[in-house]
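Enquirer: From first to last, the protein sequence lines stand for chains S and Y.
Quick note, our numbering runs 44 ahead of the 1-based positions in the first sequence.
Position 351, counted from 1, in the second sequence is what our numbering calls 345; the numbers after and before it change by one each time, with no gaps.
C-beta: ideal position from N, C-alpha, C; glycine also.
Since the structure is predicted, the reported quantities are computational estimates derived from the model, not experimental observations.
Here it is, the structure in full.
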Amino acid sequence: MESKRVTLFAGHYGSGKTNIAVNYALWLKKSGKPTAIADLDIVNPYFRTKDSKKLLDENGIELIASAFANTNVDFPALPAETYSLVMRDDVYAVIDVGGDDRGALALGRYTPFILAENNYEMLFVANGYRPLTRTAEEALEVMREIEAAGGIPFTAIVNNSNLGRETTAEDLLASRAFAERLSVLSGLPIKFTSADERICPIGGVEDLFPLSLAERYYDVND
Amino acid sequence: MSDKVLMKGNEAIAEAAIQAGCRHYFGYPITPQTEIAAYMAKRMPKIGGTFLQAESEVAAINMVYGTSSAGFRVMTSSSSPGISLKSEGISYIAGADLPAFIVNVQRGGPGLGGIQPSQSDYFQATRGGGHGDYHVIALAPASVQEMADLTFKGFDLADEYRMPAMILADGTMGQMMEPVTLGNYVPKQFDKSWAVTGTKMQRKHNIVNSLYLNPEELERINFERFERYKVIEEKEAMAEEYLMEDAEICIAAFGIAARVSKNAIVAARAQGIKVGMIRPITLWPFPKKIFAAAADKCRAFLSVELSMGQMIEDVELATKCRRPVTLCNRAGGMIPSPEQVLAAIQSVAGGLKK
């Protein structure tokens, strides 16, 4: 799989952007590239990129996240260091954009740098099991709203259709028609299909990108 | 594709409310429940409903009061400090015998506190919260599916008993994502001939009010209302019993604390400790009978809470203090770990051997 210097993950909130961004950064690093990841989410109060800080540190991936993430300070603030990811070219940058057009608004200030360098991929993370992006038409609407807010056109789609820990291979296979229709409607290719590594490999899915997902404190294992 | 959808707890409440026939939402944003308002803002205009961001929580709850008096299903949602602001209006709604659906996705307190999950509004929800003698029906979901199911239930109970019903969730329940099945709910029909909808000069006018000039009448209405509360306590208390058949130790926990406790119970059982759990689903009415019956068999109780110990008082009352009740807790937005709960179980079990 080819990768550009800057990879941005955006999409409807709750589509799985953060999980994919963290896994993609780990994959880049394992391919031998110096890698950094930035959390641009100014919307979610919990379950942030910063939850994976230990894992990222252990793997030598630089994390740029708000000092206020996971604290009681409910600020839509981003650290100044975020600029370093778009202004220097000695590192592969993974950018976890906040959900929806509201989340993508925070991307706008970095957009001129990203467009000027022109070595980026803007990936739309799609989950056909999310209630407001059940159809390709609805997902396309969200896609256009994000592009308008962030100022960067999408270049490809990631099919991350899932039902959380209950996802089966059948659920994923059944989502492919959704992703393909979104591809036709938007004219964009599907870069990969991502799924919980516990249900991988899945027969017939060649572009599978397995995700290692962290256990959450609320998961019940009875 | 599967008929399930992956939802945040907050979204599940919002969508379930719409499916329950609620077309009027009034609120004011506050973390960690803002997704409810955001969902309503997006959906209500598309289905002919009303989403209104009020100028304050006080305004929002009074819009709920007005809309409910006209006989419509209506809701508001907030998080802890916002519910304190709404409490005057909730008391008025209870005093006017009106249905209303209220959501509290709790955060750490007191005061402005923080934005992390908490269960420290238990007293507020189960004792009324505002002034005067009244209750709200308090429902405590422990999964995203229950966030939806108890929303349906809450609207129905509110209409049936003409009183406010409240979802008492915590920040985790609001923010976590799980698969949900929706669409199986059929709204019940209720007689709302009391609603103020205009007489068209064809009937005597209805009055919705909580002011009574005559104290004897106000007393009579209070007594009548509490007769209705007795029926609710008799008929509507709900709890889940988990591994209670042979349990010597009984954990009491609701919401996120019950999920953490389940993992601790599995670990304790692997060590041969006979422990189970009663998970109240209704906090008011509290499942008193289930706890009283458990006190016949169990030797000790352990209340696991994200507060300084609030539900523990109801456990002690329901069991009439016949067995020791210990508290295992975190507060201020922190969550007990399964390891902490397991250690508390081991400590209680050790005490029983002596």
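Helix, strand or coil: how does DSSP classify residue 169 of chain Y here?
Expert: Residue mapping note: residue 169 of chain Y aligns to position 175 of the second sequence, counting from 1. Residue 169 of chain Y falls in the helix class under three-state DSSP.
Enquirer: Using the beta-carbon of each residue, which ones in chain Y are nearer than 7 Å to residue 174 of chain S?
Expert: Taking the first residue of the first sequence as position 1, residue 174 of chain S is located at position 130. Chain Y residues near residue 174 of chain S: -1, 0.
Enquirer: Mind pulling the chain Y residues with CB within less than 8 Å of residue 116 of chain S?
Expert: Counted from its first residue, the first sequence places residue 116 of chain S at position 72. Per Cβ cutoff of 8 Å: 102, 107, 108, 109, 110, 327.
Enquirer: Is the beta carbon of residue 273 of chain Y sitting closer than 8 Å to the one on residue 242 of chain Y?
Expert: In the second sequence, counting from the first residue as 1, residue 273 of chain Y sits at position 279. In the second sequence, counting from the first residue as 1, residue 242 of chain Y sits at position 248. Not a contact, by the Cβ cut-off of 8 Å.
Enquirer: What residues from the stretch 186 to 219 of chain S come within 9 Å of chain Y, judged by C-beta to C-beta, listed N to C?
Expert: Residues 205, 206, 207, 208, 209, 210, 211, 212, 214, 215, 218, 219.
Enquirer: Measuring only between beta-carbons, confirm whether residue 273 of chain Y sits less than 8 Å from chain S.
Expert: Here residue 273 of chain Y refers to the residue found at position 279 of the second sequence. No, its Cβ sits nowhere closer than 8 Å to a Cβ of chain S.
Enquirer: If you count every other CB in all the chains shown that lies within 10 Å of the CB of residue 39 of chain Y, and 16 or more means buried, which is it?
Expert: Taking the second sequence and counting its residues from 1, the one referred to as residue 39 of chain Y is at position 45. Per the 10 Å Cβ criterion, exposed.
Enquirer: In whole angstroms, what separates the C-alpha of residue 55 of chain Y from that of residue 58 of chain S?
Expert: Looking up residue 55 of chain Y in the second sequence gives position 61. Looking up residue 58 of chain S in the first sequence gives position 14. Approximately 29 Å, taken between the alpha carbons.
Enquirer: Under a CB-based cut-off of 8 Å, is residue 257 of chain Y close to chain S?
Expert: In the second sequence, counting from the first residue as 1, residue 257 of chain Y sits at position 263. Closer than 8 Å to some Cβ of chain S, the Cβ of residue 257 of chain Y qualifies, so yes.
Enquirer: Just to confirm, is the Cβ distance from residue 93 of chain S to residue 65 of chain S under 8 Å?
Expert: For the purposes of this step, residue 93 of chain S is identified with residue 49 of the first sequence, where counting begins at 1. For the purposes of this step, residue 65 of chain S is identified with residue 21 of the first sequence, where counting begins at 1. Taking 8 Å as the Cβ cut-off, residue 93 of chain S and residue 65 of chain S qualify as a contacting pair.
Enquirer: On a Cα-Cα basis, can you pick out the residue from Y:233, Y:204, Y:215, Y:327 that is closest to residue 353 of chain Y?
Expert: Within the shown structure, residues of chain Y are numbered from -5 to 348, placing residue 353 of chain Y beyond reach of any answer.
Enquirer: Please say whether residue 69 of chain Y and residue 96 of chain Y have beta carbons closer to each other than 8 Å?
Expert: As a working mapping, residue 96 of chain Y is identified with position 102 in the second sequence. As a working mapping, residue 69 of chain Y is identified with position 75 in the second sequence. Cβ atoms of residue 96 of chain Y and residue 69 of chain Y: closer than 8 Å.
Enquirer: Taking a contact to mean a Cβ-Cβ separation below 8 Å, would you say residue 99 of chain Y touches residue 21 of chain Y in this structure?
Expert: Here residue 99 of chain Y refers to the residue found at position 105 when the second sequence is read from its first residue. Here residue 21 of chain Y refers to the residue found at position 27 when the second sequence is read from its first residue. The answer is no: Cβ separation not under 8 Å.
Enquirer: Quick one: which residues of the stretch 81 to 101 of chain S get their C-beta closer than 7 Å to a C-beta of chain Y? List them in chain order.
Expert: Flagged, chain order: 89, 90, 91.
Enquirer: Using a beta-carbon distance below 8 Å, is residue 367 of chain Y in contact with chain S?
Expert: Nothing can be reported for residue 367 of chain Y: it is not among the residues displayed for chain Y, which extend from -5 to 348.
Enquirer: In terms of alpha-carbon separation, which member of Y:327, Y:131, Y:335, Y:261 lies closest to residue 296 of chain Y?
Expert: For this step, residue 296 of chain Y is matched to residue 302 along the second sequence. Closest option to residue 296 of chain Y, Cα to Cα, is Y:335.
Enquirer: Where residue 188 of chain S and residue 225 of chain S are concerned, what is the direct C-alpha to C-alpha distance, given to the nearest angstrom?
Expert: Start at 1 with the first residue of the first sequence, and residue 188 of chain S comes out as number 144. Start at 1 with the first residue of the first sequence, and residue 225 of chain S comes out as number 181. Taking the straight line joining both Cα atoms gives about 16 Å.
Enquirer: Among Y:85, Y:289, Y:184, Y:73, which residue has its Cα nearest to the Cα of residue 124 of chain Y?
Expert: For this step, residue 124 of chain Y is matched to residue 130 along the second sequence. The option with the nearest alpha carbon to residue 124 of chain Y is Y:85.
Enquirer: Does any residue of chain S bring its CB to less than 8 Å from the CB of residue 415 of chain Y?
Expert: Nothing about residue 415 of chain Y can be reported from this structure: the residues present for chain Y run from -5 to 348 only.
Enquirer: Going by CA-CA distance only, name the one from Y:155, Y:160, Y:319, Y:9 that's closest to residue 92 of chain Y.
Expert: Along the second sequence, read from residue 1 onward, the residue named residue 92 of chain Y stands at position 98. The candidate whose alpha carbon is nearest that of residue 92 of chain Y is Y:155.
Enquirer: Name the residue from S:50, S:68, S:229 whose alpha carbon lies nearest to the alpha carbon of residue 181 of chain S.
Expert: Here residue 181 of chain S corresponds to residue number 137 of the first sequence, with the count starting at 1. Selected option, being the one with the closest Cα: S:229.
Enquirer: Using only the alpha-carbon positions, how far apart do residue 51 of chain Y and residue 193 of chain Y sit?
Expert: Along the second sequence, read from residue 1 onward, the residue named residue 51 of chain Y stands at position 57. Along the second sequence, read from residue 1 onward, the residue named residue 193 of chain Y stands at position 199. In a straight line, the C-alpha of residue 51 of chain Y is about 31 Å away from that of residue 193 of chain Y.
Enquirer: Rounded to a whole number of angstroms, what is the C-alpha to C-alpha distance between residue 312 of chain Y and residue 42 of chain Y?
Expert: Taking the first residue of the second sequence as position 1, residue 312 of chain Y is located at position 318. Taking the first residue of the second sequence as position 1, residue 42 of chain Y is located at position 48. Looking at the two C-alpha atoms, the distance is approximately 46 Å.
Enquirer: Using 8 Å as the cut-off, can you tell me whether the stretch 159 to 168 of chain S makes contact with the stretch 47 to 54 of chain S, which would need three or more C-beta pairs spanning the two stretches below that distance?
Expert: A contact exists between the stretch 159 to 168 of chain S and the stretch 47 to 54 of chain S.
Enquirer: Listed in chain order, which residues of the stretch 236 to 264 of chain S have Cβ atoms closer than 9 Å to some Cβ of chain Y?
Expert: Here the close residues are 260, 261, 262, 263, 264.
Enquirer: Just to confirm the assignment, what range does the beta strand (DSSP E) spanning residue 114 of chain Y have?
Expert: Residue 114 of chain Y sits at position 120 when you count from the first residue of the second sequence. That residue, residue 114 of chain Y, is in no beta strand (DSSP E); it is neither H nor E in DSSP.
Enquirer: Does the stretch 132 to 143 of chain S come close enough to the stretch 233 to 248 of chain S that 3 or more CB-CB pairs lie under 8 Å?
Expert: Short answer: they don't touch.
Enquirer: Using the C-alpha atoms, what's the distance from residue 323 of chain Y back to residue 119 of chain Y?
Expert: Within the second sequence, the letter at position 125 stands for residue 119 of chain Y. Within the second sequence, the letter at position 329 stands for residue 323 of chain Y. Straight-line Cα distance between these residues: approximately 19 Å.
Enquirer: State buried or exposed for residue 275 of chain Y, treating a residue as buried only when at least 16 other CB atoms are found within 10 Å of its CB.
Expert: If you number the second sequence from 1, residue 275 of chain Y lands on position 281. It counts as buried.
Enquirer: Can you tell me whether residue 217 of chain Y is buried or exposed? The criterion is at least 16 other CB atoms within 10 Å of its CB, across all chains shown.
Expert: In the second sequence, the residue the question calls residue 217 of chain Y occupies position 223. Answer is exposed; the Cβ neighbour count stays below 16.
Enquirer: Please list, in chain order, all residues of the same chain as residue 280 of chain Y whose beta carbon is under 6 Å from its beta carbon, the five residues on each side excluded.
Expert: Counted from its first residue, the second sequence places residue 280 of chain Y at position 286. So the list reads 308, once near-sequence residues are dropped.
Enquirer: Under 8 Å: do the stretch 79 to 92 of chain S and the stretch 104 to 111 of chain S share three or more Cβ pairs, one atom per stretch?
Expert: Yes: the two stretches touch, three or more of their Cβ pairs being nearer than 8 Å.
Enquirer: Going by DSSP, what residue range makes up the alpha helix (DSSP H) through residue 209 of chain Y?
Expert: In the second sequence, the residue the question calls residue 209 of chain Y occupies position 215. 209 to 229 is the span of the alpha helix (DSSP H), which, as asked, contains residue 209 of chain Y.
Enquirer: Name the chain Y residues that come within less than 7 Å of residue 63 of chain S, Cβ to Cβ?
Expert: Looking up residue 63 of chain S in the first sequence gives position 19. Residues of chain Y passing the Cβ test: none, with the nearest at roughly 11 Å.
Enquirer: Give me the DSSP bridge partner(s) of residue 322 of chain Y.
Expert: Position 328 of the second sequence, counted from the start, is the residue given in the question as residue 322 of chain Y. Looking at the DSSP assignment, residue 322 of chain Y forms a beta bridge with Y:298.
Enquirer: Please work out which residues of its chain come closer than 7 Å, Cβ to Cβ, to residue 34 of chain Y, disregarding the five sequence neighbours upstream and downstream, and give them in chain order.
Expert: Position 40 of the second sequence, counted from the start, is the residue given in the question as residue 34 of chain Y. Correct list, in chain order: 8, 19, 45.
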